[in-house]
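*Asks:*
Number of protein chains: 2
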Amino acid sequence: MTRKVYLEDIPLDEAWRRFSDALKAIGRWQPIEGEDVPVARALGRITARPIWAQVSSPAYHASAMDGYAVRAEETITANDTQPLQLELGSQAQYVDTGDPLPGWADAVIMIEQVQPSGTTHIEIRAPIAPWTAVRPLGEDMVATELVLPANHILRPVDLGALAGSGHALVNVRRKPRVAVIPTGTELITVEQAAQTGVKSGDIIEYNSIVLAAEVEHWGGVATRYPIVIDNFEAIKAAVAEAAARHDLILINAGSSAGSEDFTARVVQELGTLLVHGIAVRPGHPVILGMIEAAVSDQQSTISDQQSAISSRQSATPIVGVPGYPVSAALTGEIFVEPLLARWLGLPGHQKPTLRGHITRKLLSPLGEDEWVRVTTGKVGERIVAAPLSRGAGVITSLVRADGIVRIPRFSEGVATGAEVTIELYTDPAEIDRTIMHIGSHDLTLDLLAQHLAEMSSDSPTPDRSLQRRFVSAHAGSLGGLIALRRGEAHLAGSHLLDPESGEYNFSYIKQYLPDVPVVVVTLLRREQGLIVAKGNPQNIASLKDLARPEVRFVNRQRGAGTRVLLDYRLKELGIAAESVHGYRREEYTHLAVAAAVQSGVADCGLGVRAAARALDLDFVSVEWERYDLVIPRQFYESELLQPLLALIRGESFRKVVGELEGYDASGMGEVVRELGRLAA
Amino acid sequence: MTRKVYLEDIPLDEAWRRFSDALKAIGRWQPIEGEDVPVARALGRITARPIWAQVSSPAYHASAMDGYAVRAEETITANDTQPLQLELGSQAQYVDTGDPLPGWADAVIMIEQVQPSGTTHIEIRAPIAPWTAVRPLGEDMVATELVLPANHILRPVDLGALAGSGHALVNVRRKPRVAVIPTGTELITVEQAAQTGVKSGDIIEYNSIVLAAEVEHWGGVATRYPIVIDNFEAIKAAVAEAAARHDLILINAGSSAGSEDFTARVVQELGTLLVHGIAVRPGHPVILGMIEAAVSDQQSTISDQQSAISSRQSATPIVGVPGYPVSAALTGEIFVEPLLARWLGLPGHQKPTLRGHITRKLLSPLGEDEWVRVTTGKVGERIVAAPLSRGAGVITSLVRADGIVRIPRFSEGVATGAEVTIELYTDPAEIDRTIMHIGSHDLTLDLLAQHLAEMSSDSPTPDRSLQRRFVSAHAGSLGGLIALRRGEAHLAGSHLLDPESGEYNFSYIKQYLPDVPVVVVTLLRREQGLIVAKGNPQNIASLKDLARPEVRFVNRQRGAGTRVLLDYRLKELGIAAESVHGYRREEYTHLAVAAAVQSGVADCGLGVRAAARALDLDFVSVEWERYDLVIPRQFYESELLQPLLALIRGESFRKVVGELEGYDASGMGEVVRELGRLAA
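As structure tokens, this is what we get:
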């Protein structure tokens with residue numbers, strides 16, 4: 009039942025070298041061939057060769073105005089006192105904008121400057137210079153001139169220049185065809201999940217959706233195969249079939265070295281296994297290989313043999329993509345994007361970069377390149393990068409990521425505050441309008457983010473001057489204050505009860521932010537209580553029940569306001585932490601606590617009513633608490649935060665929050681205290 | 009035959025105010041409704057509402073490794089000297105990655121750390137902490153949690169998060185349907201042009217291609233109508249038909265006030281004309297209006313009447329788009345993009361901006377906002393913006409534009425060297441790798457640009473470190489030297505013959521760049537001569553024939569090396585400039601000279617053989633001349649220019665140029681002189 013693990017640990021550049029050498033050997037390390045498509049359907053396609061004008065534009069000397077074509081030299085004597093008569097037909101001819109000039113004319117007088125003179129003449133009162141109001145032949149493009157270079161992504165105006173220079177068709181790179189094959193007996197489709205729900209052991213297959221969308225996004229065309237079960241022959245058949253009709257195969261999962269991991273053997277049997285295991289994290293169990301074209305069988309006819317011979321000269325590259333969603337998506341970025349770019353004649357995509365400061369110490373395994381997902385904002389003059397979950401299964405870490413910080417091999421990690429390079433997914437302009445919140449978690453923060461994103465000025469032309477991106481990292485109330493001290497956030501949500509005074513937050517702010525002038529603004533009051541299973545089977549009535557040995561509790565992490573509240577009330581009740589079963593099991597959000605109760609791992613946990621309600625659990629009220637936003641004065645007064653302050657002082661958001669069960673929004677937006685030294 | 013011009017001059021913000029007020033009145037000044045689409049087909053679509061998780065992910069506590077599920081508390085005593093036996097089934101259960109944990113287990117020991125012990129037990133040598141190698145329920149997403157906000161453009165990883173949280177469908181904004189109606193009796197399709205050529209008076213219709221592509225690019229779906237002739241009833245019928253099935257109508261041309269301009273009347277008859285003429289340039293004759301829904305006719309049945317009543321509550325906005333291609337494309341940017349963005353729930357697109365220095369004085373009409381297209385590069389530390397053609401018919405000015413400089417109303421223009429804001433079309437990263445050439449025009453510069461764009465390192469992972477963008481402005485040889493002096497270009501192509509010495513360039517460089525150390529590198533030698541019509545009907549044999557009164561000449565602009573050459577040789581021959589018929593007609597490029605000859609406007613012009621050949625004209629050789637690249641030393645030594653120097657010193661480009669008729673590439677890349685003061 010045990011087995012040897014034989015994954016390699018090949019450095020990324022060596023893996024690329026092997027892969028590109030194999031592609032060179034079959035002539036596939038170069039741009040793909042072109043195909044002719046109608047210009048009107050070529051938006052976003054890439055020119056496969058330079059395009060030269062077929063015709064000149066304009067193709068003749070054209071009038072640039074509605075008016076009269078004339079010979080300029082015949083107008084020299086015209087002036088206000090001596091108007092000049094020109095005979096229609098021989099000396100002046102009416103032309104609309106775009107009309108060709110008569111062969112004898114070399115200028116156009118605009119109609120507003122002309123008076124009729126009977127039916128046979130016109131009268132002008134000023135001379136005109138040669139070539140006035142004329143678009144000369146070839147003003148825009150001269151036949152044979154370069155219109156567009158090769159390897160150019162076609163934009164709307166490019167299509168105009170192509171058509172205007174006489175091209176009905178344009179030769180663009182064929183879109184690389186990529187097969188995406190999901191494998192795994194435990195997989196169900198999202199359609200099945202939506203219809204029948206997710207049973208224990210079911211995994212919703214969505215890597216093929218992500219990989220196919222990546223392929224599309226990068227200019228390829230993807231074929232998503234149906235899910236193949238974990239069976240060597242079935243996988244082999246799917247790969248062989250895909251190889252015949254695609255430029256690249258992505259086979260998802262089964263790329264590791266477990267008993268059900270067949271990909272490496274399939275690649276070996278159908279072709280060449282180049283790499284099995286790359287020193288990157290997440291994404292270690294990557295396979296790179298080449299599938300040879302099928303050899304014709306004995307019964308084939310001569311023509312079959314010929315086609316087999318011609319196809320045998322080629323092979324199809326295959327990437328075995330790891331199963332964890334983050335690994336799968338990053339494998340796409342690392343291997344598929346550069347390969348598609350090369351085939352399409354484009355430079356590989358280079359993300360814009362920023363230098364910023366990491367907010368949390370990161371230990372990283374020696375010997376592997378690690379890709380850490382971060383959110384990013386600009387706090388004062390400091391760019392900060394807050395690491396997100398490093399779990400390879402946490403796709404939301406990529407969804408929320410503003411960028412990636414690479415920790416190279418031979419580095420053991422990054423110290424708190426160290427400067428790092430952030431490769432951005434997010435437009436740098438978005439970073440500038442990002443409000444960074446670090447602190448306590450509350451479910452209404454999502455609503456706040458949504459409302460902020462939808463704010464806009466009422467000016468007729470839409471603009472984003474009032475829009476803000478609200479990025480929230482859940483570090484608990486105390487974690488938020490510490491982040492403010494370090495200059496990592498613009499504000500911190502906090503609900504820290506001071507046991508001495510019974511007041512919220514002020515004593516903690518004095519202790520943790522003695523030198524930072526801050527404004528404390530109330531966001532809301534909310535109901536804390538014990539989240540219990542539906543029907544409250546353990547009959548939990550108050551915090552006293554946590555002392556019962558059969559009651560399994562789930563706690564919040566240290567520094568969380570809810571944890572402070574619990575510890576304070578337990579002390580009041582004389583219940584020792586050690587006597588609470590599950591006191592050490594920590595979760596980071598209210599919803600995670602509720603999820604633990606829902607799953608049956610715990611009987612109860614302390615959290616807000618909204619979390620119980622969200623997962624349809626029952627709730628035993630304990631008390632109402634105040635949840636404040638702690639805002640350093642420098643940010644409180646900044647332009648960045650004004651839309652947020654306006655929002656929480658307006659009516660609409662207060663109304664939305666006030667209608668949620670377990671929330672009281674009556675104090676929303678009130679300044680409850682200003683603290684700290686006055687700013688210089 | 010004359011008529012009153014009644015175009016208005018409405019400021020842009022006032023035009024927008026009228027348009028948005030009318031849209032508000034019919035409830036169309038807000039995001040469009042959503043539609044459900046399968047997640048796998050939702051790439052690039054925009055969420056119409058916030059999306060909350062349907063299921064948790066993982067939906068159960070899942071093993072993160074292949075290994076054995078155990079109770080952590082039972083492993084505490086295990087160590088190297090006292091291995092621990094765990095019974096299979098009751099104390100340890102094999103799980104693959106992703107499998108659910110048995111209800112009693114709370115940790116997974118990875119298989120590599122386990123020894124089998126008979127068939128009934130496993131042996132471990134280290135304790136394990138609770139929740140090791142477990143992905144707890146909801147680690148990624150907890151049911152009811154916010155997955156994505158509204159108004160979010162779906163990226164590949166977002167589709168994964170949607171599917172992973174149980175969504176088979178996602179509600180995204182319906183794509184706005186936009187009708188694009190080209191009108192004009194003089195128009196032919198590009199297919200007709202490609203098949204039968206362009207006759208005098210024909211205009212290839214491509215604005216509808218550009219507008220439809222813009223609509224698609226901005227997230228709408230376009231219907232391109234067939235060309236409608238200039239007939240009031242025909243246009244009215246097309247607009248009425250389009251109004252019934254679209255969210256927006258773009259009708260192209262006929263938006264001015266000429267005798268064949270029917271759009272304003274059609275809009276008035278079918279609805280409301282809001283704006284006719286906006287104070288922008290290019291793009292003045294814009295129409296904004298609303299088409300009312302058709303009223304049901306007398307014979308309609310009751311159900312027809314009902315549908316008419318319901319549709320009568322609505323109206324369809326219409327934009328009359330000016331006919332000049334640049335005006336049309338910019339009208340799309342100014343009116344269509346913001347409207348589509350609003351309907352899609354997106355902020356209007358804001359181009360990244362740069363501050364830069366304008367290279368040429370621009371006079372601009374008071375009272376109009378002017379959009380000037382510019383190319384942009386970074387010359388030393390100075391960002392320069394070189395204006396392109398301001399002709400509204402020159403679509404290539406938009407194709408080549410790196411950005412737009414707006415000259416506001418109430419400004420008369422911009423002085424040379426003034427600092428301006430450039431709204432970029434081009435990625436700012438591209439600007440940094442741009443080589444700016446200003447100077448003499450040669451046809452091989454296009455080839456040079458193409459080769460530079462294709463250069464790349466041989467590293468396996470594609471990169472753009474060697475790629476350069478070569479941007480060339482044609483200002484003549486002397487113009488190039490002056491641009492170098494002003495710090496507006498990295499290099500200047502020059503072929504200025506010094507009458508005194510018979511040498512090229514050196515004396516001019518000494519005169520115009522006395523303080524700039526430069527390196528003069530030969531690009532090529534080329535054959536200059538008289539470009540004449542096919543068959544040389546005027547029997548032109550040499551420059552002496554320019555003195556013949558019946559020979560019509562076309563000249564190059566002052567400062568062009570070819571003009572200097574002409575003046576020098578005419579002086580040698582004793583021919584006065586005034587005696588050359590057409591001496592004052594100036595063109596800016598060799599191809600433009602050839603085009604003038606081809607069109608019959610001139611009988612001959614001085615230019616390179618390649619230009620004659622390109623347009624299939626005849627050529628009377630005059631002499632071979634040297635064409636140098638003049639490069640300030642600071643740029644000669646810069647990293648930016650190294651790929652260019654490598655290219656002209658390598659074999660492949662020399663070979664390509666050497667094979668062109670009229671070119672001698674044998675000296676390509678040779679440093680012929682270093683001049684100027686030594687750099688500090």
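As they're listed, the protein sequences go chains V and W. Quick note on the numbering used here: the first sequence kicks off at 9 and runs consecutively. Quick note on the numbering used here: the second sequence kicks off at 9 and runs consecutively. The beta-carbon is built from N, C-alpha and C at its ideal position, and this holds for glycine as well.
(1) Would you please verify whether the beta carbon of threonine 191 of chain V is less than 7 Å from any beta carbon of chain W?
(2) For alanine 687 of chain V, count neighbouring Cβ atoms within 10 angstroms of its own Cβ and tell me buried if that reaches 16, exposed if not.
(3) The beta strand (DSSP E) that contains threonine 442 of chain W, what's its start and end?
(4) Against chain W, which members of the stretch 151–163 of chain V pass a CB distance test of less than 8 Å?
(5) Can you tell me which of the three DSSP states aspartate 305 of chain W falls into?
(6) Which residue comes first and which comes last in the beta strand (DSSP E) that contains glycine 297 of chain W?
(7) Tell me whether alanine 618 of chain V is buried or exposed, calling it buried when 16 or more other Cβ atoms sit within 10 Å of its Cβ.
(8) Going by other Cβ atoms of all chains shown within 10 Å of its Cβ, with 16 needed for buried, is threonine 339 of chain W buried or exposed?
(9) Under the assumption that alanine 113 of chain W contacts arginine 79 of chain W (Cβ atoms under 8 Å), give the Cβ distance between them as a whole number of angstroms.
(10) What ranges does the alpha helix (DSSP H) occupy inside the stretch 646–679 of chain W, keeping only unbroken runs of at least 4 residues that lie completely in it?
(11) Counting only Cβ-Cβ distances shorter than 9 Å, please list the residues of the stretch 132–146 of chain W near chain V, keeping chain order.
(12) Within a Cβ cutoff of 6 Å, which residues of the same chain sit near glutamate 300 of chain W, ignoring the five residues on either side of it in sequence?
(13) I'd like the ranges of any beta strand (DSSP E) spanning at least 3 consecutive residues and lying wholly in the stretch 17–50 of chain W.
(14) Along the stretch 184–208 of chain V, what residues have a CB closer than 9 Å to any CB found in chain W?
(15) Taking C-alpha atoms, which residue in V:Leu683, V:Leu15, V:Trp24 and V:Gly677 lies nearest to proline 346 of chain V?
(16) Measuring straight from C-alpha to C-alpha, what distance separates leucine 668 of chain W and valine 524 of chain W?
(17) Please list, in chain order, the chain V residues whose beta carbon lies closer than 8 Å to that of aspartate 506 of chain W.
(18) Ends of the beta strand (DSSP E) at glutamate 580 of chain V?
(19) Scan the stretch 272–285 of chain V for residues whose Cβ lies nearer than 7 Å to a Cβ of chain W and list them as they occur along the chain.
(20) Please tell me whether glutamate 222 of chain W has its Cβ less than 7 Å away from any Cβ of chain V.
(21) Can you name the residues that DSSP bridges to leucine 558 of chain W?
(22) If you draw a straight line from the alpha carbon of leucine 574 of chain V to that of leucine 614 of chain V, how long is it in whole angstroms?
(23) Identify, in the order they occur along the chain, each residue of the same chain with its Cβ nearer than 7 Å to the Cβ of alanine 246 of chain W, setting aside the five sequence neighbours on each side.
(24) So is aspartate 6 of chain W buried or exposed if we call it buried at 16+ other beta carbons inside 10 Å?
(25) Would you say alanine 585 of chain W lies against chain A (beta-carbon separation less than 7 Å)?
(26) Spell out whether any CB of chain V is found under 7 Å from the CB atom of aspartate 88 of chain W.
(27) Leaving out five residues before and five after serine 125 of chain W in sequence, what residues of the same chain have Cβ atoms less than 7 Å from its Cβ?
(28) Pull the bridge partners of glutamate 438 of chain V from the DSSP assignment, please.
(29) Are arginine 26 of chain V and valine 283 of chain V closer than 7 Å when you measure CB to CB?
(30) With 7 Å as the threshold, decide whether the Cβ of methionine 149 of chain V is near any Cβ in chain W.
(31) Helix, strand or coil for threonine 597 of chain W, going by three-state DSSP, please let me know.
(32) What's the C-alpha gap between glycine 168 of chain V and lysine 663 of chain W?
(33) Using the beta-carbon of each residue, which ones in chain V are nearer than 8 Å to aspartate 44 of chain W?
(34) Return helix, strand or coil for proline 416 of chain V, following the three-state DSSP convention.
(35) Identify which residue in V:Lys359, V:Met463 and V:Thr424 has its Cα closest to the Cα of isoleucine 430 of chain V.
(36) For chain V, find out if any of its Cβ atoms is closer than 7 Å to the Cβ of histidine 357 of chain W; answer yes or no.
*Replies:* By the coordinates alone:
(1) no
(2) Low per-residue confidence applies at alanine 687 of chain V: pLDDT is 40, beneath 50, and the placement is therefore not dependable, though the value from the model is reported in the following sentence. Answer is exposed; the Cβ neighbour count stays below 16.
(3) 442–447
(4) Per Cβ criterion, the list reads Ala151, Thr152, Glu153, Leu154, Val155, Leu156, Pro157, Ala158, Asn159 and Arg163.
(5) Note that aspartate 305 of chain W scores a pLDDT of 44, beneath 50, so its modelled location is shaky and nothing firm can be said.
(6) Segment 295–300, the beta strand (DSSP E) holding glycine 297 of chain W.
(7) buried
(8) buried
(9) Contact holds; Cβ gap of about 6 Å.
(10) 650–657 and 659–666
(11) Pro138, Trp139, Arg143, Pro144, Leu145 and Gly146
(12) Gly279 and Ala323
(13) 42–46
(14) Gly192, Glu194, Thr197, Val198, Glu199, Gln200, Ala201, Ala202, Gln203, Gly205, Val206, Lys207 and Ser208
(15) V:Trp24
(16) 34 Å
(17) Residues of chain V passing the Cβ test: none, with the nearest at roughly 31 Å.
(18) Taken as a continuous stretch (DSSP letters only), glutamate 580 of chain V belongs to no beta strand (DSSP E), being part of the alpha helix (DSSP H) at 569–581.
(19) none
(20) yes
(21) Here residue 558 of chain W turns out to be glutamate, not leucine, going by the sequence shown. Answer is none; glutamate 558 of chain W lacks a bridge partner.
(22) 8 Å
(23) Ile189, Tyr233 and Val236
(24) The question about residue 6 of chain W has no answer, for chain W in this structure spans 9 to 688.
(25) Considering every chain present, this structure includes no chain A. Its protein chains are V and W.
(26) no
(27) Sequence-distant Cβ neighbours of serine 125 of chain W in its own chain, meaning closer than 7 Å and more than five residues away, are Gln93 and Glu131.
(28) For glutamate 438 of chain V, which the question treats as bridged, DSSP gives no partner whatsoever.
(29) yes
(30) yes
(31) coil
(32) 33 Å
(33) None at all; the shortest Cβ gap to chain V is about 11 Å.
(34) coil
(35) In this structure, V:Lys359 is the residue among V:Lys359, V:Met463 and V:Thr424 with its C-alpha nearest to the C-alpha of isoleucine 430 of chain V.
(36) no
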